[in-house]
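Number of protein chains: 2
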Amino acid sequence: MCQLLGMNCNVPTDICFSFEGFHRRGGSTDHHADGWGIAFFEGPGCRVFLDAKSAVQSPVADLVRHYPIRSMNVIAHIRKATRGVVALENTHPFVRELWGRYWIFAHNGILENFAPQISGHYQPVGTTDSELAFCYLLEVLRTQFPDRQPVLDQLFPLLREVTGKLARHGLFNYLLSNGEYLVAYCADHLSYILRHAPFTQAHLIDQDVTVDFSALTTPDDKVAVIATEPLTDNEIWTPMQPGELQVFQHGAPVPMS
Amino acid sequence: MCQLLGMNCNVPTDICFSFEGFHRRGGSTDHHADGWGIAFFEGPGCRVFLDAKSAVQSPVADLVRHYPIRSMNVIAHIRKATRGVVALENTHPFVRELWGRYWIFAHNGILENFAPQISGHYQPVGTTDSELAFCYLLEVLRTQFPDRQPVLDQLFPLLREVTGKLARHGLFNYLLSNGEYLVAYCADHLSYILRHAPFTQAHLIDQDVTVDFSALTTPDDKVAVIATEPLTDNEIWTPMQPGELQVFQHGAPVPMS
Numbered sequence: 000m001c002q003l004l005g006m007n008c009n010v011p012t013d014i015c016f017s018f019e020g021f022h023r024r025g026g027s028t029d030h031h032a033d034g035w036g037i038a039f040f041e042g043p044g045c046r047v048f049l050d051a052k053s054a055v056q057s058p059v060a061d062l063v064r065h066y067p068i069r070s071m072n073v074i075a076h077i078r079k080a081t082r083g084v085v086a087l088e089n090t091h092p093f094v095r096e097l098w099g100r101y102w103i104f105a106h107n108g109i110l111e112n113f114a115p116q117i118s119g120h121y122q123p124v125g126t127t128d129s130e131l132a133f134c135y136l137l138e139v140l141r142t143q144f145p146d147r148q149p150v151l152d153q154l155f156p157l158l159r160e161v162t163g164k165l166a167r168h169g170l171f172n173y174l175l176s177n178g179e180y181l182v183a184y185c186a187d188h189l190s191y192i193l194r195h196a197p198f199t200q201a202h203l204i205d206q207d208v209t210v211d212f213s214a215l216t217t218p219d220d221k222v223a224v225i226a227t228e229p230l231t232d233n234e235i236w237t238p239m240q241p242g243e244l245q246v247f248q249h250g251a252p253v254p255m256s
Numbered sequence: 000m001c002q003l004l005g006m007n008c009n010v011p012t013d014i015c016f017s018f019e020g021f022h023r024r025g026g027s028t029d030h031h032a033d034g035w036g037i038a039f040f041e042g043p044g045c046r047v048f049l050d051a052k053s054a055v056q057s058p059v060a061d062l063v064r065h066y067p068i069r070s071m072n073v074i075a076h077i078r079k080a081t082r083g084v085v086a087l088e089n090t091h092p093f094v095r096e097l098w099g100r101y102w103i104f105a106h107n108g109i110l111e112n113f114a115p116q117i118s119g120h121y122q123p124v125g126t127t128d129s130e131l132a133f134c135y136l137l138e139v140l141r142t143q144f145p146d147r148q149p150v151l152d153q154l155f156p157l158l159r160e161v162t163g164k165l166a167r168h169g170l171f172n173y174l175l176s177n178g179e180y181l182v183a184y185c186a187d188h189l190s191y192i193l194r195h196a197p198f199t200q201a202h203l204i205d206q207d208v209t210v211d212f213s214a215l216t217t218p219d220d221k222v223a224v225i226a227t228e229p230l231t232d233n234e235i236w237t238p239m240q241p242g243e244l245q246v247f248q249h250g251a252p253v254p255m256s
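So the protein lines, in turn, are chains A and B.
Numbering that gives the first Met the number 0 applies: residue 0 is where the first sequence begins, and numbers increase by one.
Numbering that gives the first Met the number 0 applies: residue 0 is where the second sequence begins, and numbers increase by one.
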């Protein structure tokens, strides 16, 4: 399978600490060595760094580790190929534009017997079930709301409905963001931590690295980090429940009815 | 204005030498310091490196200079902002998917009184005339050929028609690629060089750097490099004519009727 990492904040924040641990799972502390990628929203703009090499061997990952890009919505993925060869076009996260916004998607899992009829509005470039699911999901959103982005209260029930349909095909943990908020769906493995004042120290599981967030933050900062498996061993991560769909905005979960 | 750099080859080739000279114009030998970007096709996959910083100050440009990514179609852009603030969402090249392929676009120039009616199939995320022109262009292609990508002989007349319409609004030098071929349109400044056997030495204009291509190539290699201004001072570059639309494939111009 793969592993997912997401971050949603109320102020632009760099993900260097979390990525430091996460990227080690891409071929060092774990076997997700079939490419990796990370997408940063900066305002409405978005940049995606991809490499078909393993994260621990990738010069692009070295850049991301040492160049603190500040973002309020980040999605990263390290791949263990199940469907689709190891190649750039099959490397997550994927990006498409909808309603004049970039949408970013990454998936952990596998879908079986999944061959939806899509109109061609969005077509996969690669051969993964994941990119096909993303194209299908965006087509559903666009078909239901052809003109403009609805408010989250309108969008959420549709997201839940289409997620349910997709999840029936197999394992469908995913992260999705439009730069305003980050959507996380847990099929079997996804946990999150909410960091806010008073900030403390955090210690990575995958490397002996500690950061003192109190020295790097202001009292108003709020940061949500979502990952397939917890990244730190001295903080309490909240495991999401199978079937749980959660939206994070401004560094906190959004209560949805 | 801005500057454009494109490369089209018959074998995956790195662009490090050309980019070495080109990136210096992003704030050192020239004043195009309002962000930069470069897109590499690798098979059908594509990765775009963007930075709103000047190319000479950008850690991402350092990566691109030192990490030889081999590609058959590359488009790069350094920006001198005319329309749209300096921000990631206004940084070229832009990417969208059409017919299950990524399309990459970068523009040098400015369009006046350009407010086309677009259906919303592709919508700009940023505020540049360039991204709007790209969205319009793709919409025209998609509307004419809704189901699948036509052969180049069918596509070219339409490209010429829509380019003509856009060019009437101002200066519209552009580069466009779908990973199969690279389209270059010259409004006022665009030149190219075709490198093939016997390969010789080339010397950059913007830095005292020489490369001996004969040591880096095989006799079958063909490389076309297209740039707003020539990048080397010891080779003969072909200036494109105002109004000239040229397709490059396998490292050479494609004769089009």
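For every residue, glycine included, the Cβ atom is placed at its ideal position computed from N, Cα and C.
Item	Value
Could you tell me which residues DSSP puts in a beta bridge with T217(A)?	In the DSSP output, where bridge partners are listed per residue, T217(A) has none listed.
Which whole-angstrom value describes the C-beta separation of F171(B) and A186(B), a residue pair presumed to lie in contact below a C-beta threshold of 8 Å?	5 Å
Tell me which residue opens and which closes the alpha helix (DSSP H) that C134(B) is part of.	128-143
Between the beta-carbon of Y125(B) and the beta-carbon of E179(B), is there less than 9 Å?	Sequence check: residue 125(B) is Gly here, not Tyr. No.
DSSP puts Y66(A) in a beta bridge; with which residues?	Bridge partners of Y66(A): none, in fact.
Give me, in chain order, the residues of the same chain whose beta-carbon lies closer than 7 Å to that of R24(B); leave out the 5 immediate sequence neighbours on both sides.	Q2, H31, I77, D205
Whole angstroms are fine: how far does the CA of Y135(B) sit from the CA of F113(B)?	10 Å
Under 9 Å between the Cβ atoms of E243(B) and L175(B)?	no
Check the Cβ of G44(B) against every Cβ in chain A and list those closer than 9 Å, keeping chain order.	L49, A51, A86, L87, E88, N89, T90, V124, G125
With DSSP as the reference, label E19(A) as helix, strand or coil.	helix
Should the segment 56-69 of chain A be regarded as contacting the segment 80-98 of chain A, the criterion being three or more beta carbon pairs within less than 8 Å?	no
State yes or no: is the beta carbon of G119(A) nearer than 9 Å to at least one beta carbon in chain B?	yes
Return the Cβ separation of F247(B) and N7(B) in integer angstroms, given the expectation that the two are a contact with Cβ distance under 8 Å.	4 Å
Using the Cα positions of H168(B) and K79(B), report the straight-line distance between them to the nearest angstrom.	19 Å
Taking Cβ to Cβ, would you say G5(A) is nearer than 9 Å to A196(A)?	no
Going by DSSP, which residues form a beta bridge with N7(A)?	N72(A), A223(A)
Do you know how far the Cα of S213(B) is from the Cα of P43(A)?	45 Å
If the cut-off is 8 Å on Cβ atoms, which residues from the segment 143-165 of chain A count as contacting chain B, listed in chain order?	P145, D146
Buried or exposed: where does N233(A) fall if 16 or more other Cβ atoms within 10 Å of its Cβ makes it buried?	exposed
Between which two residues does the alpha helix (DSSP H) containing Q153(B) stretch?	151-166
On the DSSP letters alone, give me the boundaries of the beta strand (DSSP E) that D211(B) sits inside.	209-211
Given a threshold of 16 other Cβ atoms within 10 Å of its Cβ, counted over all protein chains shown, does R46(A) qualify as buried or as exposed?	buried
Just by C-beta distance, which residues in the segment 187-207 of chain B are closer than 7 Å to chain A?	none
Note down the Cα distance separating V222(A) from T12(A), rounded to an integer number of angstroms.	8 Å
Would R64(B) count as contacting chain A if we go by Cβ distances under 9 Å?	no
Give the straight-line distance between the Cα atoms of M0(B) and I14(A), rounded to the nearest whole angstrom.	34 Å
Mind checking whether S70(B) and F104(B) have CB atoms under 9 Å apart?	no
Enumerate in chain order the residues of its own chain whose CB-to-CB distance from D128(A) is below 7 Å, with the five nearest sequence positions on each side excluded.	R82, I109, L110, F113
Could you check where the beta strand (DSSP E) with R34(B) kicks off and where it finishes?	Per the sequence presented here, residue 34(B) reads as Gly, with Arg not at that position. First-last for G34(B): undefined, no H or E at that position.
By Cβ distance, which residues of its chain are closer than 8 Å to P241(B), with the 5 residues on each side in sequence left out?	C185, A186, D187
Rounded to the nearest angstrom, how far is the Cβ of L140(A) from that of L157(A), given a contact under 8 Å?	6 Å
Of all the alpha helix (DSSP H) runs that stay within the bounds of the segment 88-117 of chain A, which reach a length of 4 or more residues?	none
For F48(B) versus L230(B), is the C-beta spacing smaller than 9 Å?	no
Compare the C-beta of P58(A) against all C-beta atoms of chain B and say whether one is closer than 9 Å.	yes
With I192(B) as the anchor, note down where its beta strand (DSSP E) starts and where it stops.	190-195
So with Cβ pairs under 9 Å, would you call G99(A) a contact of chain B?	yes
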